[in-house]
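In this note's numbering, the protein residues as written are 1 to 192.
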């Protein structure tokens, strides 16, 4: 991460992204903002006002997501299903998202994201890229999956997560499967 100076003289952090994901960074951010507009129109979102332990897994409740059968080579993901773009299950990519609201009266103690994707993905949380994979067919992305500490990406109140998943080698098919499963695990403090 780089430090840069704000006009007010306080330092802030900017995030440097890897060079390639198969789509330009600008397009990834445009897809993120388009998903947010759709959420705003539907008023979709989950509220967690009284819970201290939260688990949110991919399923049909995620925007644009449809549960698909799991491929035998994919790792099972507890409390999550493999999904793909509900508008076209044969598409080369899937843009799915979820919105949730955390209590303003609790602090975020810990938060993690477990991601399993066949083949690669971009994950943007509250406007900040967390994962920006290069185009690749890396079996460990779906045979073992990956975990990320996302505590610093989350905030009290409304949170938005957009996952842009890509299938390496063309459209999703029986001979070229594709799917994404994600689970957020969040632990909050007692009431402040």
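Using N, Cα and C, we set each Cβ at its ideal position, and we do this for glycine too.
Treat the numbers as computed from the prediction; the structure is a model and nothing was measured.
Next item on the list: Just tell me which of 56, 64 and 51 has its CA closest to the CA of residue 36.
Entry: Within the chain shown, numbered from 1, the residue matching residue 36 stands at position 36. Checked all of 56, 64 and 51; the closest Cα to residue 36 is 64.
Check: What residue does the alpha helix (DSSP H) around residue 140 start on, and which one ends it?
Finding: Position 140 of the chain shown, counted from the start, is the residue given in the question as residue 140. Taken as a continuous stretch (DSSP letters only), the alpha helix (DSSP H) holding residue 140 covers 140-143.
Notebook entry, point to check: Whole-angstrom Cβ separation of residue 162 and residue 32, contact assumed at under 8 Å?
Noted result: Here residue 162 refers to the residue found at position 162 when the chain shown is read from its first residue. Here residue 32 refers to the residue found at position 32 when the chain shown is read from its first residue. Their Cβ separation, rounded to whole angstroms, is 5 Å, which keeps residue 162 and residue 32 in contact under 8 Å.
Notebook entry, point to check: To which residues of the same chain is residue 169 closer than 6 Å at the C-beta, ignoring the five residues directly before and after it?
Noted result: Taking the chain shown and counting its residues from 1, one reaches residue 169 at position 169. Result list for residue 169: 176, in chain order.
Check: Can you tell which of 121, 183, 93 and 28 has its C-alpha closest to the C-alpha of residue 111?
Finding: Position 111 of the chain shown, counted from the start, is the residue given in the question as residue 111. Residue 183 is the option with its Cα nearest to residue 111.
Next item on the list: Tell whether a beta-carbon distance below 8 Å holds between residue 191 and residue 106.
Entry: Residue mapping note: residue 191 aligns to position 191 of the chain shown, counting from 1. Residue mapping note: residue 106 aligns to position 106 of the chain shown, counting from 1. Going by C-beta atoms, residue 191 is nearer than 8 Å to residue 106.
Check: Looking at C-beta atoms only, is the number of pairs between the segment 141-159 and the segment 69-83 that lie closer than 8 Å three or more?
Finding: yes
Notebook entry, point to check: Within the 8 Å Cβ cut-off, does residue 78 reach chain C?
Noted result: No chain C is present in this structure, which holds just one protein chain.
Notebook entry, point to check: If you check the beta carbons only, do residue 124 and residue 28 fall under 8 Å apart?
Noted result: Position 124 of the chain shown, counting from 1, holds the residue named residue 124. Position 28 of the chain shown, counting from 1, holds the residue named residue 28. Yes.
Next item on the list: Whole angstroms is fine: what's the gap from residue 99's alpha carbon to residue 70's?
Entry: Locating residue 99 in the chain shown gives position 99, counting from the first residue. Locating residue 70 in the chain shown gives position 70, counting from the first residue. Straight-line Cα distance between these residues: approximately 24 Å.
Check: If residue 84 and residue 172 are in contact, beta carbons under 8 Å, what's the gap, nearest whole angstrom?
Finding: The residue given as residue 84 occupies position 84 in the chain shown. The residue given as residue 172 occupies position 172 in the chain shown. Confirmed, about 6 Å.
Note to self: Helix, strand or coil, according to DSSP, for residue 30 in the structure here?
What the structure shows: Position 30 of the chain shown, counted from the first residue, corresponds to residue 30. Correct three-state label for residue 30: helix.
Check: By the 10 Å Cβ neighbour count, where 16 or more other Cβ atoms means buried, how is residue 193 classified, buried or exposed?
Finding: The question about residue 193 has no answer here: the residues shown for the chain are numbered 1 through 192.
Next item on the list: Quick one: which unbroken beta strand (DSSP E) runs of 3-plus residues sit fully inside the segment 75-153? Chain order, please.
Entry: Correct list: 83-85, 93-102, 108-118, 120-125, 128-132 and 146-149.
Notebook entry, point to check: Is the Cβ-Cβ distance between residue 114 and residue 130 less than 8 Å?
Noted result: Here residue 114 refers to the residue found at position 114 of the chain shown. Here residue 130 refers to the residue found at position 130 of the chain shown. In this structure, residue 130 does not lie closer than 8 Å to residue 114 by Cβ.
Note to self: Taking DSSP's pairing of strands, which residues face residue 71 in a bridge?
What the structure shows: Sequence index remark: in the chain shown, residue 71 carries index 71 (1-based). Residue 71 pairs with nothing; no bridge assigned.
Check: Terminal residues of the continuous beta strand (DSSP E) containing residue 55?
Finding: Within the chain shown, the letter at position 55 stands for residue 55. Start and end: 53-57.
Notebook entry, point to check: Cα-Cα, which of 92, 101 and 66 is closest to residue 46?
Noted result: Indexing the chain shown from 1 puts residue 46 at position 46. Check the Cα spacing between residue 46 and each of 92, 101 and 66: the tightest is with 101.
Checklist line | For residue 165: DSSP bridge partner residues | finding: Taking the chain shown and counting its residues from 1, the one referred to as residue 165 is at position 165. The beta-bridge partner set that DSSP reports for residue 165 consists of 94 and 121.
Check: Which two residues bound the contiguous beta strand (DSSP E) that contains residue 186?
Finding: Start at 1 with the first residue of the chain shown, and residue 186 comes out as number 186. 179-188 is the extent of the beta strand (DSSP E) around residue 186.
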